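Here's the structure, in structure tokens; my notes come after.
Protein chains in written order, with the numbering used here: chain A, 1 to 431; chain U, 1 to 431.
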């Protein structure tokens, strides 16, 4: 951001501009104004940096990570690889178990093997440390919160979710005025529990400048987490959600003053008719800082299908300003996703992002659709399958009812194929 | 409609009012004005009639039906049963093969076994008859078009898709000004091919009064098909799509003059940013006649996942006025769906409909979510699974990583469960 403000176009800006078919000056200006970020640690060598923000194609993130109940390093690496294969632009490693050494191992393997921007929520590791050394998360050491950020920054993590806007005032308010689901953000809960138990202010809020100093040193991007994101549709757009957003708004300005790249995280569970206002208030309060949303989930009743619920919310969010969508897998609210569910989550998010990109940018995004449509018109199955978001699945479905020639009608209509019929009729007239 | 206009509240109106938690006078008025329909043939005894239209919960339809390539009566019945089990409000039987006798057999079994409103596209059977007797669909007999409607009406079909607005002028225009995908509606293609070959006007347009007479006799509902619905995102909202909608607008008024219940069918493949205008122009041109949409599909590149693409479009459509969503299955654009895909299609559509219902009607729809949220707050897995849209799948995912107690945290966060942590912390403060 400092370089962008000084008028310098870096090679990362150039690469992003090329990928987006935009002018590199557009990228530079966007970064200088805080509307665009390129999350990339100065410790990492990313082949293909990505840009997130105003005027750019919507990006998607996939979360992976073990828990204490399901722990297998190779599985998590494989999930990350699957996610990238199917189009995830970034990966967040949310591992929480079993030991601190374990989560460090997973993170380092991912940083080595996965060549996309990697994000984490460092407080998970601080919590784990407190649990190991002192028996409870509420005994987290204030210094350790920052130490872990620095440790991970040294390893090359590109962006960090930090719930710096969740103040003690908000936590106290929540106790006096409970909402249905309380706090469902894990990092937010750690901090709220810590503040309530120790009767102290959120260290990330109190010492935000320290975070900024570290961000300067390692060039990581700050993602300001929404600890109070609604955990059910009834908690949406309530007082404390907006209260936290207002704190975040101030932190965004602070970060920008020091030339630090920053994005803002958003809800959560939000009824479909409240999404637009949620996007717009973030954009206006946070002066167009990139907006990273989890979902939003437009209903609470579909565990097992929350990738669909999230694709619906993500599309509406993208249409009204969200820049970056965090995927949700079918196993959300039920358990840790397996590889197949990671794939489904990524594809659902990618569909949402692509639908928004078509709506916002037309031809810049819809060339892919055009190729598919020409193949469809010709009933050229080979090309159609090539153009599909998941060629393997498309091929499997198409050919399961008996092998057909490449340009034959499919089993849906058989002889009654509309495309074939009209085509024949048109040819008939040409004679 | 005649009774409603005469001020009479029928038992069907009462049942619909009860299901929707509305006043029966509201339903009567809606029907009298043409804004609400209750599709139900006077030949059928529907246990639970359903209402579609303004002020009512969004309804969803599932298509089933054999093709010449995949023909198995029992499979199709099972698909219809699956669809109803997972929440389809209506079923359309779109069977096209192998013989006329076959499609009659499927239809009659469905009419007997499936106790929800059943719709068909009668021209498929007319096409099949022409193919059997005269060797080509373009040789369909004009009288046969109406005869088939009457035959099916006598059997008790509750609503018919008829492409009466697709005039010869439109078909000729299409030949002179081709769009990328032409006509992708099967019924529309039959008629266009017939008109182009025989150089005659669409018989359903020309003799619309005859349809109206039959509708009076059998009390079926007319669903005015959109033969020119866009078959790819680039054909969306083009001249002939709107031209056909304007013809349909006149036919709606004609039907209403004779007290005939009517709805209007809509697109199709539509970029996300064009959906709202599509819904609003239908509502304004067709004086708030119920709008039945197929999709809309917001991108063309995701065969294998078109249930997601359609759930996105369906939600945006519902938010801007659509009343009735036709499901799309994962196998759309690839082949005939199997039972599992029918289930996925229904669930995706139901999620879309429910998301809209929450947004439009609040508490009338969101009680379901509230139950789920209370169970989530208590970590009561038994209740959560009960409340899930697909309890079987939710149970399978939740318990696969080892059996856990009913109120234990899940494998996603394990010990790090936000709900549990904050709950413990709150209890701590109460001491």
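Every residue, glycine too, gets a C-beta built ideally from N, C-alpha and C.
A quick note: this is a predicted structure, and the numbers were derived from the prediction, not measured.
Own chain partners of residue i with C-beta closer than 7 Å, once the 5 adjacent residues on each side are dropped
i                      : result
residue 24 of chain A  : 9, 13, 14 and 17
residue 285 of chain U : 245, 246 and 249
residue 300 of chain A : 232, 233 and 269
residue 156 of chain U : 41, 43, 44 and 111
residue 251 of chain U : 164, 165, 208 and 224
residue 126 of chain A : 140, 144, 145 and 148
residue 158 of chain U : 39, 40, 41, 44, 117, 118, 119, 220 and 221
residue 462 of chain U : Coverage of chain U is limited to positions 1 through 431, which leaves residue 462 of chain U absent and any answer about it impossible.
residue 77 of chain U  : 109, 110 and 113
Close-in-space but distant-in-sequence residues of the same chain around residue i (CB under 6 Å, 5 per side omitted)
i                      : result
residue 101 of chain A : none
residue 80 of chain U  : 64, 91, 110 and 114
residue 459 of chain U : No answer is possible for residue 459 of chain U: it lies beyond the span of chain U, which begins at 1 and ends at 431.
Residue i, buried or exposed, once every other Cβ within 10 Å from all chains shown has been counted against 16
i                      : result
residue 246 of chain A : exposed
residue 307 of chain U : buried
residue 63 of chain A  : buried
residue 178 of chain U : exposed
residue 6 of chain A   : exposed
residue 61 of chain A  : buried
residue 11 of chain A  : exposed
residue 69 of chain A  : buried
residue 367 of chain U : exposed
residue 48 of chain U  : exposed
Beta carbon proximity, residue i to chain U, threshold 9 Å
i                      : result
residue 96 of chain A  : yes
residue 200 of chain A : no
residue 393 of chain A : yes
residue 416 of chain A : yes
residue 369 of chain A : yes
Proximity test, Cβ basis, 9 Å: residue i and chain A
i                      : result
residue 189 of chain U : yes
residue 234 of chain U : yes
residue 184 of chain U : yes
residue 130 of chain U : no
residue 139 of chain U : no
residue 156 of chain U : no
residue 26 of chain U  : no
residue 228 of chain U : no
residue 175 of chain U : yes
residue 163 of chain U : no
residue 214 of chain U : no
residue 17 of chain U  : no
residue 178 of chain U : yes
residue 379 of chain U : no
residue 413 of chain U : yes
residue 424 of chain U : yes
Proximity of residue i and residue j at Cβ, strictly below 9 Å
i                      : j                      : result
residue 71 of chain A  : residue 124 of chain A : no
residue 323 of chain A : residue 263 of chain A : yes
residue 117 of chain U : residue 181 of chain U : no
residue 131 of chain A : residue 410 of chain U : no
residue 351 of chain A : residue 369 of chain A : no
residue 296 of chain A : residue 281 of chain A : no
residue 514 of chain A : residue 422 of chain U : Outside the displayed span of chain A (1 to 431) sits residue 514 of chain A, for which this structure offers no information.
residue 84 of chain U  : residue 114 of chain U : yes
residue 288 of chain U : residue 35 of chain U  : yes
residue 292 of chain U : residue 265 of chain U : yes
residue 66 of chain A  : residue 96 of chain A  : yes
residue 325 of chain A : residue 349 of chain A : yes
residue 372 of chain U : residue 355 of chain U : no
residue 274 of chain A : residue 310 of chain A : no
Cβ-based neighbour list, residue i, same chain, cut-off 8 Å, excluding 5 preceding and 5 following
i                      : result
residue 42 of chain U  : 218 and 219
residue 146 of chain U : 203, 207, 210, 211 and 214
residue 26 of chain U  : 17 and 55
Proximity test, residue i beta-carbon vs the ligand MN heavy atom, cut-off 8 Å
i                      : result
residue 142 of chain U : For the ligand MN, the structure offers nothing, since it holds no ligand at all.
Item to check | Members of the segment 349-367 of chain A near chain U, C-beta cut-off 7 Å | outcome: 351, 352, 354, 355, 356, 358, 359 and 366
Checklist entry - Can you list, in chain order, the residues of the segment 295-315 of chain A whose Cβ is nearer than 7 Å to any Cβ on chain U? => result 298, 299, 300, 301, 302, 303, 304, 305, 308, 309, 311, 312 and 315
Item to check | Interfacial residues, the segment 250-279 of chain U to chain A, with Cβ spacing under 7 Å | outcome: 271, 272 and 273
Next on the checklist: If the cut-off is 8 Å on Cβ atoms, which residues from the segment 98-130 of chain U count as contacting chain A, listed in chain order?
Outcome noted: 124 and 127
Item to check | Contact list for the segment 48-74 of chain U against chain A, Cβ threshold 7 Å | outcome: 67, 68, 69 and 70
Next on the checklist: So if I threshold CB-CB distances at 9 Å, which residues from the segment 325-346 of chain A count as touching chain U?
Outcome noted: 330, 331, 332, 333, 334, 335, 336, 337, 338, 341 and 344
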